[in-house]
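Position in the sequence shown (first residue = 1) + 45 = our numbering.
A virtual CB, placed ideally from N, CA and C, is assigned to each residue, including glycine.
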Amino acid sequence: MPRPSKKKKTRNPRILIVTPEITYLPQGMGNMGNHLTAKAGGLADVSAALVSTLFELGSDVHVALPHYRRMFHIEVANLIEDELRVFKSTLPDTRIHLAEDRIFYYRDAVYGHSDWENPKIALAFQREVINNIIPLVQPDLIHCNDWMTGLIPAAARRRGIPCLFTIHNIHTYDTTLASIEDAGIDAAEFWRYLYFKRQPGNYEESRDSNPVDPLASGVFASHFINTVSPTFLQEIVRGQHDFIPPHVRAEICSKHQAGCAVGIVNAPDQTINPQTDSCLKQTFTPDSHVKGKLANKRALQALLGLEQQDNAPLFFWPSRLDPVQKGCQLLTHILFETVSRYWNDGLQIVVVANGAYQRHFHDIVRFHNINKRVAVRNFDETLSHLAYAASDFLFMPSLFEPCGLPQMISSIYGSLPVAHDTGGLHDTVLPLNAAANTGNGFLFKVYDHNGLRWAIDEAMKFHHLPREDKARQISRIMTESAKAFSLPAQARQYVSIYESMLKRPLINAF
């Protein structure tokens, strides 16, 4: 009698996450993991959270990123012989795969400041991923992030590997097949899956004269895409934003119509926590926020030379001073008027941000001699954390916002956002209704200084509520926000997409 056959175990699906940025990697994933930090924005936090969550769940997750030696503080030339031998012998065997090219080694920042530099960096990164890392890892699924990885979905499709492409920033440029070849990538293998500015006849006639768009190629060739908020995806589909190239929008619309596009809201890094933040004068919880925020307000006022007023409503501006996107001109238009109108309340405004528009804030403060009420400083991480903890309200009057993190951070720290109703702000800021115990901020729909003025007035109405009522609402908002704006929760949404694409469970597959 034949023995019953044992059920064959299927290999846990192998996921390769390709990202130009990372904040941290989990302990145990690789011998150099604790050195690897290269951040320019929210993409680094999202990538770190996703890799860590997958690793903790037991997934066979791998990550590919450029080898930024200087940013990683790994100067191979300075390693002693034993360290160098360990470095070379063990790093390739981990789940961390560093793209090697001299263009990465001595950089101080992820992105450059010239039109030619970033495409060159992107091509070098993709060359290593396509030629070396994918063949080594042999992934079941590849997750690419942003325009710097836009050629990889085409290479993945040619190899029959499903690919998710996440759009964090609508940024793109033109390149050619000749430039791709010169970078060491054999585009002839997958050129049919790239997006050209005109219909290509054949490889040779398109090689030098038919530009390739990497971002559109990433959308076109991938099996599934996502933006970093549901509302921003809908805004793209509806054609609300003129800055999005028509051909990029068309490809996103095609994916959306095919049911292969979703929006997943980003979340702040897990270190964003007023209970453990070492940048604060005094840490605090939702239950102890009244004393904690007051201690931080006093510290911030003293540090910036503002009037020492415990009951002064303090508004904080955290974002870069970019009038094209962030709406800083709306605030300068009504800055002195707002301070004057609420002079008896002691209203104060703190700006901790860089940008050419900063000079307009300085000019207004000097002209009206209101430096005791308005402080403007360059961005500083520690000062920014202190301002989140000290402030009562936060400005986010963006014209458009793919996601945005400050409004989530402020809610976790008990500072209520005053925001324009757009993109990720719509998805994360709900109108505050103290009577119903709902909402976390103040949204205005009409994008002009009158809309912002109205929202500030609404915030001041909340400020004038009885202290007990305000404390109860802020405690609720802090508690709800810490739960809602969580990286593990966000990462699980990506896991769900992976499982759908693979058509089998990601963890403990049999």
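Reduced DSSP category for residue i - H, G, I as helix; E, B as strand; rest coil
{"i": "V395", "result": "strand"}
{"i": "N123", "result": "Because N123 sits at a pLDDT of 48, beneath the cut-off of 50, its placement in the model cannot be relied upon, and the following sentence gives the value as read from the coordinates. Reduced to three states, the DSSP call for N123 is helix."}
{"i": "D472", "result": "helix"}
{"i": "R422", "result": "strand"}
{"i": "C208", "result": "strand"}
{"i": "I67", "result": "strand"}
{"i": "R130", "result": "Any answer about R130 is weak, because its pLDDT of 48 lies below 50 and its placement is not dependable; what the coordinates show is given next. R130 falls in the helix class under three-state DSSP."}
{"i": "V257", "result": "strand"}
{"i": "T330", "result": "coil"}
{"i": "I289", "result": "coil"}
{"i": "I215", "result": "coil"}
{"i": "N318", "result": "coil"}
{"i": "G157", "result": "coil"}
{"i": "F149", "result": "helix"}
{"i": "W388", "result": "coil"}
{"i": "N356", "result": "coil"}
{"i": "N247", "result": "coil"}
{"i": "T221", "result": "coil"}
{"i": "T139", "result": "coil"}
{"i": "T82", "result": "coil"}
{"i": "N416", "result": "coil"}
{"i": "F361", "result": "strand"}
{"i": "N34", "result": "Shown here, the chain extends from 46 to 555; a query on residue 34 therefore has no answer."}
{"i": "S262", "result": "helix"}
Local Cβ density within 10 Å of residue i, reported as buried at 16 or more and exposed below that
{"i": "V369", "result": "exposed"}
{"i": "V174", "result": "buried"}
{"i": "A223", "result": "exposed"}
{"i": "Y248", "result": "exposed"}
{"i": "N271", "result": "buried"}
{"i": "G304", "result": "exposed"}
{"i": "W161", "result": "exposed"}
{"i": "N341", "result": "buried"}
{"i": "R294", "result": "buried"}
{"i": "A169", "result": "buried"}
{"i": "V491", "result": "exposed"}
{"i": "G312", "result": "Just to set this straight, residue 312 is Ala in the shown sequence, not Gly. With 16 or more Cβ atoms within 10 Å of its Cβ, A312 is classed as buried."}
{"i": "H112", "result": "buried"}
{"i": "A109", "result": "buried"}
{"i": "K300", "result": "buried"}
{"i": "F530", "result": "buried"}
{"i": "N255", "result": "buried"}
{"i": "T217", "result": "buried"}
{"i": "K506", "result": "exposed"}
{"i": "A480", "result": "exposed"}
{"i": "G308", "result": "buried"}
{"i": "A233", "result": "exposed"}
{"i": "T321", "result": "exposed"}
{"i": "K548", "result": "exposed"}
{"i": "Y240", "result": "buried"}
{"i": "G195", "result": "buried"}
Rounded distance between the beta-carbons of residue j and residue i, thought under 8 angstroms
{"i": "A266", "j": "R202", "result": "5 angstroms"}
{"i": "V310", "j": "C189", "result": "Not quite, the Cβ-Cβ distance comes to about 19 angstroms (not below 8 angstroms), so this is no contact."}
{"i": "F210", "j": "M546", "result": "Wrong, their Cβ atoms sit about 12 angstroms apart, outside the cutoff."}
{"i": "A85", "j": "I67", "result": "About 11 angstroms separates the two Cβ atoms, so there is no contact after all."}
{"i": "D153", "j": "M193", "result": "The pair is not a contact, with the Cβ atoms about 17 angstroms apart (cut-off 8 angstroms)."}
{"i": "P65", "j": "S97", "result": "Not a contact, Cβ separation roughly 18 angstroms."}
{"i": "F361", "j": "S436", "result": "4 angstroms"}
{"i": "T377", "j": "F406", "result": "6 angstroms"}
{"i": "T220", "j": "V264", "result": "At roughly 16 angstroms, the Cβ-Cβ gap does not stay under 8 angstroms, so T220 and V264 are not in contact."}
Those residues which DSSP pairs with residue i across a bridge
{"i": "M441", "result": "A464"}
{"i": "R237", "result": "Note: R237 sits in no beta bridge, so no partner."}
{"i": "D105", "result": "R59"}
{"i": "V307", "result": "N271"}
{"i": "I187", "result": "L61, C208"}
{"i": "A344", "result": "None; A344 has no bridge partner."}
{"i": "A144", "result": "P111"}
{"i": "L488", "result": "A464"}
Any C-beta of chain D under 8 angstroms from that of residue i
{"i": "G459", "result": "The chain inventory of the structure shown lacks chain D, comprising one protein chain alone."}
Checklist entry - How about the stretch 439-458 and the stretch 524-539: do they share at least three Cβ pairs that are nearer than 8 angstroms? => result Judged by Cβ distances under 8 angstroms, the stretch 439-458 makes contact with the stretch 524-539, as three or more pairs qualify.
Checklist entry - How do the stretch 380-390 and the stretch 437-447 stand: do at least 3 beta-carbon pairs fall below 8 angstroms, yes or no? => result No, because fewer than three Cβ pairs between the stretch 380-390 and the stretch 437-447 fall closer than 8 angstroms, the two stretches do not touch.
Checklist entry - So, do the stretch 416-423 and the stretch 389-398 have three or more beta carbon pairs nearer to each other than 8 angstroms? => result Proximity of the stretch 416-423 to the stretch 389-398 meets the contact definition, three or more beta-carbon pairs being nearer than 8 angstroms.
Checklist entry - How about the stretch 479-496 and the stretch 458-465: do they share at least three Cβ pairs that are nearer than 8 angstroms? => result Because the criterion of three Cβ pairs below 8 angstroms is met, the stretch 479-496 and the stretch 458-465 touch.
Next on the checklist: With a threshold of 8 angstroms, are at least 3 pairs of Cβ atoms found where one atom belongs to the stretch 401-411 and the other to the stretch 329-346?
Outcome noted: Contact between the stretch 401-411 and the stretch 329-346 is absent, because fewer than three Cβ pairs lie under 8 angstroms.
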